[in-house]
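J.: Dropping the structure in here first, questions after.
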Amino acid sequence: MSRMVIMQGNEACALAALKAGCRFYAGYPITPSSEVAETMARELPKVGGTFIQMEDEISSAAAIIGASLSGVKSMTATSGPGFSLMQEGIGYGVMTETPCVFVNVMRGGPSTGMPTKPAQGDIMQLRWGTHGDHQIIALYPSTVEEVYKYTIKAFNYAEKYRTPVFLVMDETLGHMRESFFLTDEEENPEIIQRIKDTEFSDDELFHPFDLGEDRTVAPLVGMGKTRFHVSGLVHDETGFPAGQAEVAEKMIKHLDSKIRMYSEEISIYEEYMLSDAEIVVVAFGTTARSALRAVKMARSDKIPVGLFKPVTIWPAPVSRIKKLFRSANAFIIPEMNMGQYAQELSKLNKTNKHIEMLNKINGELITPEEILDSITKVWIQLTEI
Amino acid sequence: MSSTKYFNYLRKNTLPTVWCPGCGNGIITKAFLEAAGNLGLDKNKVAVVSGIGCSSRVTGYLDFNTMHTLHGRAVAFATGVKLARPDLKVVAMGGDGDMLAIGGNHFIHACRRNMDITIILFNNSIYGMTGGQYSPTTPNKSIASTAPYGNMEYQFDPVQLATTAGATYVARSTVYHFLQTVKYIQTALSHKGMSVVEIISNCHTYFGRYNKMSKPSDMQEFFKTNSVQLAKAKEMSKEELTGKIVVGEFVNEEKPGYLESYQNLQGTFEVDRECRGGEQ
Ligand SMILES: Cc1ncc(C[n+]2csc(CCOP(=O)(O)OP(=O)(O)O)c2C)c(N)n1
Ligand code: SF4
Ligand SMILES: [Mg+2]
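Top line first, the protein sequences correspond to chains X and A.
Heads up, the first sequence is in our numbering, so the first residue is 618 and it goes up one at a time.
Heads up, the second sequence is in our numbering, so the first residue is 726 and it goes up one at a time.
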C-alpha cells in the first residue's frame, strides 16, 4: 500500500540515503544543502550509523571515501563553494573506484555567489570538476519524489559501477516541500548490498581492481576479513603503483569504458509528447517543471512541441538526443546558466537544427511563460520558412 | 627472535623501497613493524592510511589494509575509516609537510575530537619528495631549495600543537633513538583516543645536503648530540634548550573521544544489528 508523505527535497535525499543503506555521513554546513546534514545527524545514530561534521569539505570528501573503502556506504552533501573543495577527493574516489554519493545542491555562483538562490551553473563542473580523464555519473531529479527515488538509484549506481555518483539538486528543489505517494516499490526498493560473506584464506590479499565478469570491476569487499591496498597513483589490478605506459593506458581506459559501455543502462530520462514534436524542449531540475507547464500551454495552442527531461545528465543521453536531432526541427534549451548543457548537446547536432538557448543567471527561476514565449517564437520562425 | 615477528608484517614483494639509501623512513618503518610484532596485531584488523610524500609511500610496504591517499588528507580519510569501522585499529602516517602544512587543519581537528587513531609523524623538516623545499618544521635560517638565503619562517612544535589541540597521547623521538621509538609507537597503538608520535628523521639527500650534513651518519650524529630526554629537559633553562630536540612522552591521559561518545549515543537507541552497514 502506498502512503502519502510530505517532505523537503533535502530531507527526501537524506531519508532515501538511509533506505539505500548509507550508514556514514561526513559534511560541512552550507546553504542550501544543510538540511541533508541535519537530517542525517538526527537519523543516523538511530540505525547504528555515524554522522560527523568535519572541519571542511576537503576532509568530508576524504572521510566518506575512507568509510566506504572500509566497508560502509557513505554520503556527503554540499553546494558550489564546498563542491569546488571536494574535487580533489572526487578524483581520488574515481581513481580508487570507491562507491560513494556526493550531493550538490546548486546555488548561484561563481564564488560565494547567491547562497539562497537557485542556479544550474555547476553542470560542467559536475562533468569535469576534477582533473584528469574520467567518466562520471550525475543524476538530477526535478521533484521531491524523484529526489527520493533517484538518491537510491545513485547509491545503486555507485556500488554497481564502483564510482562516486553525484545527486544534483538546485536550491529550489532542495528547499521545496512537496507531498507524494510513497509507493510499495519506493518503500522496498532494490538495493545493491555490499558483499559480506566472502571467505578469504589468511594470507590472501584482496585485489581491489580485478575486473568483474561484465568488464566493470569486481565488487568491493570491506576491510576486516581480508586486507588490500589502494592508491591514487596509477596502479594495476592489485592496487599497487605501476607506472608503465601499458598499465596506465589500460587503467585510464578502464575508468572511461566501465561507464561509457553502460551509458544506455545508466541513462534515465523522461519524455512528454515527443512522438509528433517538431520542437523539443530539453530541461532538467526545477527548470523542467516550468518547461513541462510551458509545453502543455503550447500544446493547447496546437504547437507540436514536446519535453525531453534527462535525469541522468552525465553521461549525457547521447543516442536519444541524436535521434531527436534527426526527427525534430528545433530545440529549446532553458537553463539557469549561460548555456552549459546546450553547448554540450550542440556537439551532437550534425544536421544543423535550430537550437534556441534560454538562459537566466540572476537567481530567479525560468518561468513557464518565458519558455512558452520561446516556443511560440521558434514555432513562428519554423512555419515562416 | 624479534626479527621474524616484524618480518611477518612486511610486504616483501613490494621491495625495494623507493627511498634513498640511509633515509630515516626505513628506520621508522622498522620501528612500526616491531611495535606491531610485539603487539601481535591482526593484519586484517588494522588500517594504515598515508598522505603523499616520500614518507607516505610507507603504506606500500606494510601488510595491513593500506590506503595511500591525498597530500595532507590521511587523517581525514582515517577519521572516516575509524568512525565507520570502530573494530579496526587505524593509523595515519605522513610527513611534516603533509601533516602540518596542507594537512594541518585535519591534524588539529582530529586531536581536538580525541579521535581514536594513531598519527605517526615522519618529521624530516623538509619536503623530501618534491626536492627539498622548506616545510612548517624547517628551522629558522636553515637552507632549503625555496629558501636559498635561509628560512625566514619559524617552525611549528608538533608536540605542543597536538597537546594544545587535545591529543591524549603525545610523544617525540628521533630515528637515532630506535628502541624509544618502538616503545612510543607501541604505547600509541594501545592508547584509546588520539595518539601522536613525532619522529624526527633524516632527509640527508635534501635537508642534510643543504645544511652541511649530507651523510645519513652526519644527521644521526646531530640527533644524538642535540637530543635531551624530557626528564632532564625539565631541569634546563629556556636558553639551554634552544636548538635542542626534547624527546619523551609529553601527554598520556584518558578522556572520552568522539567515537566513544557517539557509541554511547547509538546505545540509547534500539538498533537492529542488521541495519549496520559494514561487517562488524
Ligand atoms: C595537493 C598537492 N599539492 C602538492 C603536491 C606535491 N607534493 C607531493 S609530496 C609534497 C611534500 C612532501 O613533504 P612531506 O609531507 O614533508 O613528506 P616527505 O617527502 O618529506 O616525507 C608535495 C608538496 C601534491 N601531491 N598534492
Ligand atoms: S629524498 Fe629525503 S625523505 Fe625522500 S627518500 Fe630521499 S632521503 Fe628520504
Ligand atoms: Mg618532510
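Positions of the beta carbon are idealized from the N, C-alpha and C atoms, including for glycine.
#1: Determine, using beta carbons only, whether Met877 (chain A) comes closer than 8 Å to chain X.
#2: Quick one: is Arg744 (chain X) buried, meaning 16 or more other Cβ sit within 10 Å of its Cβ, or exposed?
#3: Can you find the residues in the same chain that come closer than 6 Å, C-beta to C-beta, to Pro927 (chain X), ignoring five residues on each side of it along the sequence?
#4: Any heavy atom of ligand 1 closer than 7 Å to the beta-carbon of Cys928 (chain A)?
#5: Under 8 Å between C-beta atoms, does Ile669 (chain X) make it to chain A?
#6: Does the Cβ-Cβ distance between Asp823 (chain A) and Gly797 (chain A) come in under 8 Å?
#7: Of all Cβ atoms in chain X, is any one closer than 8 Å to the Cβ of Tyr987 (chain A)?
#8: Which residue from X:Thr929, X:Gln960, X:Asn966 and X:Lys636 puts its Cα closest to that of Ser944 (chain X)?
#9: Examine ligand 3 and report whether any of its heavy atoms sits within less than 7 Å of the Cβ of Tyr859 (chain A).
#10: Any beta carbon from chain A within less than 8 Å of Val689 (chain X)'s own beta carbon?
#11: Could you pull out every residue in the same chain whose Cβ sits closer than 6 Å to the Cβ of Ser991 (chain X), ignoring the five residues on either side in sequence?
#12: Considering only the alpha carbon of each residue, which of X:Ile623, X:Thr993, X:Val622 and X:Ala634 lies closest to Ile808 (chain X)?
#13: List, in order along the chain, the chain A residues whose C-beta lies closer than 9 Å to that of Ala643 (chain X)?
#14: Pick out whichever of X:Pro985, X:Arg620, X:Gly725 and X:Val689 has its Cα sitting closest to the Cα of Glu788 (chain X).
#15: Whose C-beta lies closer than 8 Å to the C-beta of Ile876 (chain X) among residues of the same chain, with five residues either side of it excluded?
#16: For a contact defined as C-beta to C-beta under 7 Å, what are the partners of Thr843 (chain X) on chain A?
#17: Give the DSSP bridge partners of Gln954 (chain A), in chain order.
#18: Please confirm if Ser701 (chain X) has its CB atom under 8 Å from at least one CB of chain A.
#19: Let me know if Ser915 (chain A) comes out buried or exposed under the rule of 16 or more other beta-carbons within 10 Å of its beta-carbon.
#20: By the 10 Å Cβ neighbour count, where 16 or more other Cβ atoms means buried, how is Arg844 (chain X) classified, buried or exposed?
#21: Output the boundary residues of the beta strand (DSSP E) element that contains Tyr786 (chain A).
#22: Between the stretch 639–664 of chain X and chain A, which residues of the former have CB atoms less than 8 Å from a CB of the latter, in chain order?
#23: Answer with yes or no whether the minimum CB distance from Tyr734 (chain A) to chain X is below 8 Å.
#24: Can you grab the Cα-Cα spacing for the pair Val720 (chain X) / Thr695 (chain X), in whole Å?
#25: With distances taken between CB atoms, is the gap from Ala862 (chain X) to Val761 (chain X) smaller than 8 Å?
#26: Could you check what DSSP says for Cys717 (chain X) in three-state terms: helix, strand or coil?
#27: Would you kindly work out how many angstroms separate the C-alpha atoms of Thr906 (chain A) and Ala803 (chain A), rounded to a whole number?
#28: Quick one, which of X:Leu822, X:Ala905, X:Glu830 and X:Gly849 has its alpha-carbon nearest Gly839 (chain X)'s?
#29: Are Gly819 (chain A) and Leu795 (chain A) closer than 8 Å when you measure CB to CB?
#30: Quick one: measure Cβ to Cβ for Gly973 (chain A) and Arg897 (chain A), integer angstroms, because I've assumed they're closer than 8 Å.
#31: May I ask you to list the residues that DSSP assigns as paired with Asn790 (chain A)?
#32: Report, in whole angstroms, the separation of the C-beta atoms of Glu674 (chain X) and Pro716 (chain X), which I expect to be a contact under 8 Å.
#33: Please report the straight-line C-alpha distance between Gly1003 (chain A) and Gly992 (chain A), rounded to a whole angstrom.
#34: For the beta strand (DSSP E) that Ser685 (chain X) lies in, which residues bound it at each end?
#35: Distance check for Val806 (chain A) and Thr800 (chain X), CA to CA, integer angstroms please.
#36: Can you confirm whether Val907 (chain A), when its beta carbon is compared against all beta carbons of chain X, has any partner nearer than 8 Å?
T.: In terms of the structure at hand:
#1: Contacts with chain X at 8 Å (Cβ-Cβ) do not include Met877 (chain A).
#2: Label assigned to Arg744 (chain X): buried.
#3: These residues qualify, in order along the chain: Tyr886, Phe901 and Pro934.
#4: Checking the Cβ of Cys928 (chain A) against ligand 1 gives yes.
#5: For Ile669 (chain X), the nearest beta carbon of chain A is closer than 8 Å to its own beta carbon.
#6: Contact flag set, yes.
#7: Closer than 8 Å to some Cβ of chain X, the Cβ of Tyr987 (chain A) qualifies, so yes.
#8: Of the listed residues, the one whose Cα sits closest to Ser944 (chain X) is X:Asn966.
#9: Not so, every heavy atom of ligand 3 lies at least 7 Å from the Cβ.
#10: By the rule that beta-carbons nearer than 8 Å mark a contact, Val689 (chain X) touches chain A.
#11: The residues are Ile949, Glu973 and Leu975.
#12: That would be X:Ala634, whose Cα lies nearest to the Cα of Ile808 (chain X).
#13: Simply Ala801, Thr804, Gly805 and Leu808.
#14: Measuring from the Cα of Glu788 (chain X), the nearest candidate turns out to be X:Gly725.
#15: Excluding sequence neighbours, Ile876 (chain X) sits near Gln752, Ile753, Ile754, Tyr778, Thr780, Ile883 and Pro932.
#16: The CB of Thr843 (chain X) comes closer than 7 Å to the CB of Asn769 in chain A, given here in chain order.
#17: For Gln954 (chain A), which the question treats as bridged, DSSP gives the partners A:Val972.
#18: The C-beta of Ser701 (chain X) comes no closer than 8 Å to any C-beta of chain A.
#19: Exposed: under 16 other Cβ atoms inside 10 Å.
#20: Arg844 (chain X) is classed as buried because its beta carbon has at least 16 other beta carbons within 10 Å across all chains shown.
#21: No beta strand (DSSP E) contains Tyr786 (chain A), which DSSP labels as neither H nor E.
#22: The stretch 639–664 of chain X vs chain A, Cβ under 8 Å: Cys639, Arg640, Phe641, Ala643, Pro662, Lys663 and Val664.
#23: By the rule that beta-carbons nearer than 8 Å mark a contact, Tyr734 (chain A) does not touch chain X.
#24: Rounded to whole angstroms, Val720 (chain X) to Thr695 (chain X) spans 6 Å at the Cα level.
#25: Taking 8 Å as the Cβ cut-off, Ala862 (chain X) and Val761 (chain X) do not qualify as a contacting pair.
#26: Per DSSP, reduced to three states, the secondary structure at Cys717 (chain X) is strand.
#27: C-alpha separation (whole angstroms): 22 Å.
#28: Per the Cα distances, X:Leu822.
#29: Result no, Cβ atoms of Gly819 (chain A) and Leu795 (chain A) do not sit closer than 8 Å.
#30: With a Cβ gap of about 7 Å, Gly973 (chain A) and Arg897 (chain A) count as contacting.
#31: In the DSSP assignment, the residues bridged to Asn790 (chain A) are A:Ala772.
#32: Not quite, the Cβ-Cβ distance comes to about 19 Å (not below 8 Å), so this is no contact.
#33: Residue placement at Gly1003 (chain A) is poorly supported in this model, since its pLDDT is 42, which falls under 50; the coordinates still yield a value, given next. Whole-angstrom Cα-Cα distance: 17 Å.
#34: Looking at the DSSP string, Ser685 (chain X) is not in any beta strand (DSSP E); the run it does join, the alpha helix (DSSP H), is Glu674 to Ser687.
#35: Whole-angstrom Cα-Cα distance: 35 Å.
#36: For Val907 (chain A), the answer is no, since every Cβ of chain X falls outside 8 Å of its Cβ.
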